[in-house]
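Here the structure comes first, spelled out in structure tokens, and everything after it is commentary.
Chains as they are written, first to last, in this note's numbering: chain A, 193 to 216; chain B, 2 to 218.
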């Protein structure tokens with residue numbers, strides 16, 4: 193589900209992995 | 002006490018130059034976080050800066066640096082007359098001495114800053130690993146990593162936004178957050194501390210694992 197209009201700060205210690213897309 | 006002040010004055014240009022060099026926010030550095038190493042690594046550039054600056058001051062201004070006086074102060078001469086002479090000399094020439102140091106500090110800061118600008122605008126840090134700054138996340142998130150010679154990937158020159166999918170461990174199991182990366186922060190070891198996303202979608206991973214995804218991925 194979507195979390196609209198908010199900035200979400202995620203502590204990196206909880207992150208297992210990151211998938212990064214460069215969008216142009 | 003006077004000798005230690007002098008030693009600080011002697012090492013200051015090198016320290017200030019490295020401040021100038023690392024003054025941009027993304028250049029977050031991990032120095033050997035002990036101050037002694039920082040002081041030691043500042044000695045060589047300081048000596049070079051002082052030497053060049055001395056040549057300029059001695060040859061192109063009316064002022065001369067009084068080395069015997071410096072020696073008296075550094076090695077705390079035991080002769081009271083010479084100490085008195087040194088300090089009266091210091092008070093007479095206080096303003097020129099202060100200007101000497103302030104100008105040197107400004108020049109050192111500018112040199113550090115110019116050094117960084119040359120490395121960044123000349124893409125030296127991208128092409129040569131030696132010049133790379135310790136903030137590896139800057140290179141990853143800005144897409145500059147795709148221009149590294151050792152990264153086999155078509156270089157990306159224009160990025161409008163960075164979309165991030167993150168697998169996050171929570172008490173309720175693993176959750177995938179997808180959103181647009183807006184900002185990130187680093188801790189003192191130049192490791193990622195937190196990421197700030199907008200337009201976030203959140204999806205628990207557990208459902209898929211428990212049967213909905215037939216491929217079992």
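We put the beta carbon where it would ideally sit given N, CA and C, even for glycine.
Can you tell me which of the three DSSP states residue 153(B) falls into?
Looking up residue 153(B) in the second chain gives position 152. It is coil, neither helix nor strand.
Please name the residues in the region 135 to 154 of chain B whose beta-carbon is closer than 9 Å to at least one beta-carbon of chain A, in chain order.
141, 142, 144 and 147
Could you check the C-alpha separation between residue 214(A) and residue 143(B) for me, to the nearest Å?
The count along the first chain starts at 1 and reaches residue 214(A) at position 22. The count along the second chain starts at 1 and reaches residue 143(B) at position 142. Each residue's alpha carbon lies about 9 Å from the other.
Under 7 Å, CB to CB, which of the residues in the region 186 to 202 of chain B have a partner in chain A?
193, 194, 195, 196, 197, 198, 199, 201 and 202
Going straight from the alpha carbon of residue 17(B) to that of residue 111(B), what length do you get?
Locating residue 17(B) in the second chain gives position 16, counting from the first residue. Locating residue 111(B) in the second chain gives position 110, counting from the first residue. Going from the Cα of residue 17(B) to the Cα of residue 111(B) covers about 9 Å.
First and last residue of the uninterrupted beta strand (DSSP E) at residue 186(B):
Residue mapping note: residue 186(B) aligns to position 185 of the second chain, counting from 1. Element bounds for residue 186(B): 174 to 187.
Length-filtered (4 minimum) alpha helix (DSSP H) runs lying within the region 82 to 151 of chain B:
95 to 122, 125 to 128 and 137 to 142
Determine the burial state of residue 218(B): buried for a count of at least 16 other Cβ atoms within 10 Å of its Cβ, exposed for fewer.
If you number the second chain from 1, residue 218(B) lands on position 217. Here the model assigns residue 218(B) a pLDDT of 43, short of 50, so the residue's position is not dependable, and the following value carries that caveat. Residue 218(B) comes out exposed.
Taking residue 47(B) as part of the alpha helix (DSSP H), name the residues at either end of that continuous run.
For the purposes of this step, residue 47(B) is taken as the residue at position 46 of the second chain. First-last of the alpha helix (DSSP H) with residue 47(B): 36 to 61.
Comparing alpha-carbon positions, which option in 148(B), 88(B) and 185(B) lies nearest residue 198(B)?
Here residue 198(B) refers to the residue found at position 197 of the second chain. Closest by alpha carbon: 185(B).
Go ahead and pull the three-state DSSP assignment for residue 24(B).
Position 23 of the second chain, counting from 1, holds the residue named residue 24(B). Correct three-state label for residue 24(B): coil.
What's the C-alpha gap between residue 204(A) and residue 8(B)?
Residue mapping note: residue 204(A) aligns to position 12 of the first chain, counting from 1. Residue mapping note: residue 8(B) aligns to position 7 of the second chain, counting from 1. Looking at the two C-alpha atoms, the distance is approximately 42 Å.
Buried/exposed call for residue 131(B), threshold 16 Cβ in 10 Å
Here residue 131(B) is taken as the residue at index 130 of the second chain, counted from 1. When all chains shown are included, residue 131(B) counts as exposed.
State the Cα-Cα distance for the pair residue 86(B) and residue 10(B), rounded to the nearest angstrom.
Within the second chain, residue 86(B) is the residue found at index 85, counting from 1. Within the second chain, residue 10(B) is the residue found at index 9, counting from 1. Those two C-alpha atoms are separated by around 21 Å.
Is DSSP giving residue 7(B) helix, strand or coil here?
On the second chain, position 6 is the one that residue 7(B) refers to. Three-state DSSP puts residue 7(B) in a helix.
Cβ atoms of residue 51(B) and residue 14(B): under 9 Å apart, would you say?
Locating residue 14(B) in the second chain gives position 13, where the first residue counts as 1. Locating residue 51(B) in the second chain gives position 50, where the first residue counts as 1. For residue 14(B) and residue 51(B), yes; Cβs fall inside 9 Å.
Residues of the region 162 to 180 of chain B in Cβ contact with chain A at a cutoff of 8 Å, in chain order, please.
162, 163, 164, 165, 166, 167, 168, 169, 170, 171, 175, 178 and 180
State the DSSP-derived secondary structure class of residue 195(B), mapped to helix, strand or coil.
If you number the second chain from 1, residue 195(B) lands on position 194. Residue 195(B) falls in the strand class under three-state DSSP.
Taking 9 Å as the CB-CB limit, is residue 127(B) close to chain A?
The residue labelled residue 127(B) in the question sits at position 126 within the second chain. Answer no: the Cβ-Cβ gap between residue 127(B) and chain A never drops below 9 Å.
Alpha carbon of residue 4(B) to alpha carbon of residue 56(B), nearest angstrom:
As a position in the second chain, residue 4(B) is number 3, starting the count at 1. As a position in the second chain, residue 56(B) is number 55, starting the count at 1. Taking the straight line joining both Cα atoms gives about 23 Å.
How would you write the range of the alpha helix (DSSP H) that residue 190(B) sits in, first residue to last?
In the second chain, residue 190(B) corresponds to position 189, counting from 1. From DSSP, residue 190(B) is part of no alpha helix (DSSP H); its letter is neither H nor E.
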